[in-house]
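Residue numbers (full-length UniProt numbering): 1 to 1182. Backbone N, C-alpha and C fix where the C-beta goes; we use that ideal spot for every residue, glycine too. From a predicted model like this one, the values you see are computed outputs, not experimental measurements. Okay, structure first, notes after.
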C-alpha cells in the first residue's frame, strides 16, 4: 500500500477536516502572472534574462565610470533601454490584466454545495473545496473536476451528457456514468449519509484518462468501485440534456486537468533566428577586434609622442581603460533595435496572414490563425512537409461504401478517391450517410435478412460509442463509427437508444434490447473495440469486435473446415481490393461466450479494473492484468466480414501538393491506414506520380532490426546503381562565341529587351538528364526497428533523402512524432513542417519546426497545439508560397539592413581615430546617436518587412519554383552577411575620409572646420545614405514607404536644428551648428558627392551587375512582366515560362530541383488565339 500512496491520493466524502489535513488545493484560480507588488522585480528579472537587455544594461553601467565614459559619466543608453522596457512592460501589463479579469469572472461564479445541515447552499466557485458534494444543473459549466455520484430523474437513469468543446473542441455530446455504488443517492439526505473515500490519481493534465477507486461504506463493509474517465465531469465542460447531477469534487482550482493542461506549446526558434545569433556573435568578435586594435594603436601612438612637450602627463592611459573607452564608443555594433524591429514586423505580418481572405473558410467562419509569429520566416524555408492523412488530406467525412459478409462482397462501385468541398464542420447524418446506389441498397437489404447478414449489421449497430440526441440525431466522436451506424440503419438495422446497462436496436421493425456486460474500449495498441452483450431474447452472451484488419485477424480462431478457410481468404482478398480503391477497412468478428466462463472472467476483470497498480501499469504501457483480461475475451473470434468506408479528398489537395513539390519540398505522409489504402490515396493526391517507382520495405521479411537494415541497404544500393537523378553543370557557349538569341516581335515589344531576357534564361539553364523519382513505403513495424537501431535509422535516412515522397502507414501517434524527430536529426539543415487535424497529431505538431493545425472534424486539440492554424489543407499553398516566401525575404533584408546601418554609423566614427592618433575622440552628437536606430532609420525598414513584395500573388502561386530561394538560404547567408558588413566598412571609410578631406581649410578664412561640424556632416551623411540605400533594396516604393523615408531624414533635420538652437539639448559646442554648416558650400558638396557616389558605386552598380550576370528567377519573371505590351496580358507569357521550365527532382534534400528553361518553348498568345514564338535561338534560325 505504501507504493500506492506515492502514486495516488485520498479524497474523503464530505469530510472537510481530513481533506484539509491532506493539503488539497482550493478552487480559487489564479492565472495572472503578476501582483501589484511582484510586477516590477519579476518583470525586470525576466527582461534582463534576455541577452540584449543585459548587454545594454552593462553599457549603461560602464558609461557611469568616468575613467572610460565618453558621456561624462551619464548613462546615455539608459533612456533608450528604459523606453524598450516600458514598451515590453505595457504589453506584459495588458496581457496580465486580461488574465486577472478572467480569474475574477471564474472565481466569482456561483454553484450549490451540500452544507453540513443537509441542504444545498449557494457558494462561489472560489469557496469550493476538495471533498465537497455539488449540485450542477443543466447548461451550467462544471466548476471543478467532479466525480459523478448520481443523476436524479424519474426514469432511473444514471447517465448524463456533457459538452467538452472548450476542452477538446469536439461538439458532440459525451455520455457520463454515475458510480454504481452511489447512483442511489439522489436526495440531499441520502447524499449526506454517504461515507467513504476515493483513491485517485494525482493531478495531471490528461483529459482523456482517469483512474481510481471509490470506497463507499455500507453498514459494516466497504464496497469498492473502479473509476474511469466515463465517471468524471471535468472543469471546462458543460452539463447538457440533463436536469441536474450530484458530484464529488476530486480536484479543484489550479490542480484541475483543464488548467494544468493550459501549458504553452514548446518554445521554438526559427532557423533565421539561430543564424542571427551566430552573426551577432561574429559582430561581438569584430567589436573586440576593433577595440583591441584601437587600444593597442593608442598605446603605441602615445608612447611615440612622449617627447612632445606640449602634451601633458595625463595623455598616458592604460590599455584596459582605452579598450573599454572604445567599447563604449562602439557598443552599438550589437544593434538594440534588431529584436524590437523584428518583433514589430512579425506582429504586422501575422495580422496580414490572419486577414488573408485566401485562407478564410466562409462556411465555418474560420480565418487563419497565427499562434507563434516568431516562426513567420520559417514558413518560407520549409524543406520537408509531413502530413497526416485522415482529416488533413481527406475530409474526415466518412461514407459506408462496401462490405464483405462471410466472403461475399457487396456494396457500391467505388472509383479512385475524389475531392469534395468541406462545407460543414460537424459530423452529422447528411455528409456521413452511406453512399449506396439503389441496386447496392437492395442487395444489402436482402443480405441483412440472412442469418449472417443480420448478425453482421447488428454488430455495426451495437459495437460503437455513438449517442442519440433528444431530436433523434446521431452524435459521434468518430466519423468512422457514425458511418457504420448509418450504414446499418440504411438496411433496416437501426440503433435507437442506449443506457449505461442496455442498448436497443430495431431489426427490420422488431425491437431488440441487449444488456451491456462490458465494453472493451478502443486503444491505439490493440486497435480494436469489443462489446460484451447479453442477448435477452435468446439468453446468450455475445462478444462483438471490430478493428484494424491485422489486429482482428490475429485474434481469430483457426478455421475448422475448408469452407471456412475459403471464406477467410475471400474476405481478406476483398479487404485488399477495398484498400486498393483507397477505402478505409475494418474487420468484424464475434463469438458466443459460455455463462460460467463469463462469470469467472467478469470477476477477474473487476479485480483488475479495481487494482490501481494494474491501472497504472496499463497507462504506462507495461504488462498488466487488464490487458490480459481483454486478450482472454477477444481470443478465438469468428470472422463475420469486413467494412469499407470512403473518406473523400478535400478540395484542392492534389493541386496544393503538386505546387509544394514544384517548390522543392519533400512530401511525407503518415497514416494509420494499411499500405494499399495509403498508396491509393498517395496516387489520388499526386503524392505518388504515375512515373514514380515505389520502393517498399517488406514487413514480412524485415522481422528484426538486422533484417530491416539489410532491406534498407539493398534499397540504397538500388538507388545508387540506378543513379536516381543526374544533374550536369549549366552549359555555356565556348570561349569567344557567346550564345545569342533574337526575338520576333508580337506587337511593339523591344527585340533587344526580349533577347536580354532570353539570354538570361539560357545562362541559368542547366543541361539535365532526369529519371523518374522514387516513393518510399514503410510500415509502423519497420519504423519500430528503425527507431531502435542506430545503424538502421541512418540507413533509413539515406534511403529517404533520395526519395521525393515517403509514405508511412500503420503508424501510431508516438511513431509520428518519432519519425519527425528522426528526420530533423538526420538532416539538421532541414526545416520540417508537420500538419494534422486530430489529437493524435499533437505530438508530431509540437515536435516539428513548424506545426500547422487544421480546424476540422476532430476538435481543436491540433489547433491549440499548433504554431499556425488553417481550415483546409489547400490553404497551405497560400501560407507557404505567398506569406512564407515573402516573410522570409523581408525579415532577411531587415536583419541585414539593421546590421549594415549600425556598422556604418559606428565605423564611420572609428575611422576618425586614424586622424586623431587613436585618441577615441567622440565625433557625433549624443542625441543623434541615441535616436539613430529609434527615429531616423527604423520606420522604413519595418514597412519594407511588412509590405514589400517582388511579384503579384497570382504569379507567385503560378510559379511555385520561386519558393526554392528560402530552403537554399538565398536571402540570408554567410556571403550576404559578409557583403553587408564589408559594404558598411568600406562606405564608412570612404565617407569619413572624404568628409575630412573636403572640409579641410573650407572656412572662408582658410581654416579647417571644428570637430562638431565635421561630426554633423558625417552623421547627416550616414543617415541619408542609410535611408537611400534601403530604397534600392525594395521591390516597389509605395506612398507609405516614400513618406517614411522623407519623415526619417526630415526628423533628423528638425532635431539637428533644435540642438543647434537650444544648447541645453547638446551643449555649447553645437550652438548655431546648422547655421554655420549649411552656409558652407563644401558641406553641401560633401553631402551630394559622397552620398551619390557611394550609392552609385556600391549599390546601384552592384545590383545592376548582379541582375545582368546572375539574375534570379524572380528577376527574370519581373523583367517579363515589366517589358510586356501596355495592354497585353502577362499571364500567357508567364505560362510559357512555366511550360519551358523542366523541374527535375532532387538527388537529395540538400539539392533542390534545378530549373531548365527552354527558350524555344516560350510563346505568347495574341487576341486571335494563335500563338507565335517570341524567343528562339539564332542557331536554329540559321
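Strand pairing of residue i, partner residues [DSSP]
i: residue 12; result: 197
i: residue 411; result: 402
i: residue 836; result: 853
i: residue 679; result: None; residue 679 has no bridge partner.
i: residue 150; result: 246
Sub-7 Å separation of residue i and residue j beta-carbons
i: residue 895; j: residue 142; result: no
i: residue 223; j: residue 181; result: yes
i: residue 475; j: residue 172; result: yes
i: residue 178; j: residue 147; result: no
i: residue 589; j: residue 552; result: yes
i: residue 144; j: residue 128; result: yes
i: residue 960; j: residue 881; result: yes
i: residue 884; j: residue 358; result: no
i: residue 14; j: residue 43; result: no
i: residue 151; j: residue 245; result: yes
i: residue 457; j: residue 488; result: yes
i: residue 792; j: residue 714; result: no
i: residue 407; j: residue 651; result: no
i: residue 299; j: residue 319; result: yes
i: residue 17; j: residue 136; result: no
i: residue 1022; j: residue 904; result: yes
i: residue 630; j: residue 517; result: no
Which listed residue (the options) has its alpha carbon closest to that of residue i
i: residue 161; options: 966, 468, 909; result: 468
i: residue 980; options: 897, 59, 285, 22; result: 897
i: residue 211; options: 395, 292, 7, 354; result: 7
i: residue 401; options: 347, 360, 352, 491; result: 491
i: residue 27; options: 82, 123, 67; result: 123
i: residue 817; options: 846, 408, 584, 524; result: 846
i: residue 944; options: 489, 886, 19; result: 886
i: residue 691; options: 875, 657, 774; result: 774
i: residue 976; options: 471, 893, 946; result: 893
i: residue 226; options: 666, 198, 450; result: 198
i: residue 23; options: 494, 130, 901; result: 130
i: residue 984; options: 1044, 910, 595, 510; result: 910
i: residue 139; options: 194, 236, 190, 105; result: 236
Residue i versus residue j: straight-line alpha-carbon distance, rounded
i: residue 725; j: residue 385; result: At residue 725, the pLDDT of 41 sits below 50, so the modelled position is not reliable and the matter cannot be decided from this model.
i: residue 102; j: residue 110; result: 15 Å
i: residue 560; j: residue 540; result: 23 Å
i: residue 530; j: residue 592; result: 13 Å
i: residue 958; j: residue 987; result: 40 Å
i: residue 558; j: residue 639; result: 10 Å
i: residue 963; j: residue 31; result: 42 Å
i: residue 35; j: residue 96; result: 9 Å
i: residue 297; j: residue 281; result: 24 Å
i: residue 459; j: residue 19; result: 46 Å
i: residue 11; j: residue 607; result: 21 Å
i: residue 247; j: residue 112; result: 11 Å
i: residue 258; j: residue 21; result: 25 Å
i: residue 269; j: residue 382; result: 14 Å
i: residue 513; j: residue 453; result: 19 Å
i: residue 575; j: residue 556; result: 16 Å
i: residue 241; j: residue 823; result: 47 Å
i: residue 374; j: residue 94; result: 20 Å
i: residue 912; j: residue 1019; result: 12 Å
- Item | Segment contact, 8 Å Cβ cut-off, at least three pairs: the stretch 388-406 with the stretch 672-685 | By the Cβ test, the stretch 388-406 is in contact with the stretch 672-685, since at least three Cβ pairs between them sit closer than 8 Å.
*Would you call the stretch 1023-1042 and the stretch 1099-1107 in contact, with 3 or more CB pairs under 8 Å?*
Yes: at least three Cβ pairs fall under 8 Å.
Looking at C-beta atoms only, is the number of pairs between the stretch 342-352 and the stretch 780-788 that lie closer than 8 Å three or more? A contact between stretches requires three or more CB pairs, one per stretch, nearer than 8 Å, and the stretch 342-352 fails this requirement with the stretch 780-788.
- prompt: Can we say the stretch 1048-1059 touches the stretch 918-929, given the rule of at least three CB pairs closer than 8 Å?
  reply: Output reads yes: the stretch 918-929 touches the stretch 1048-1059.
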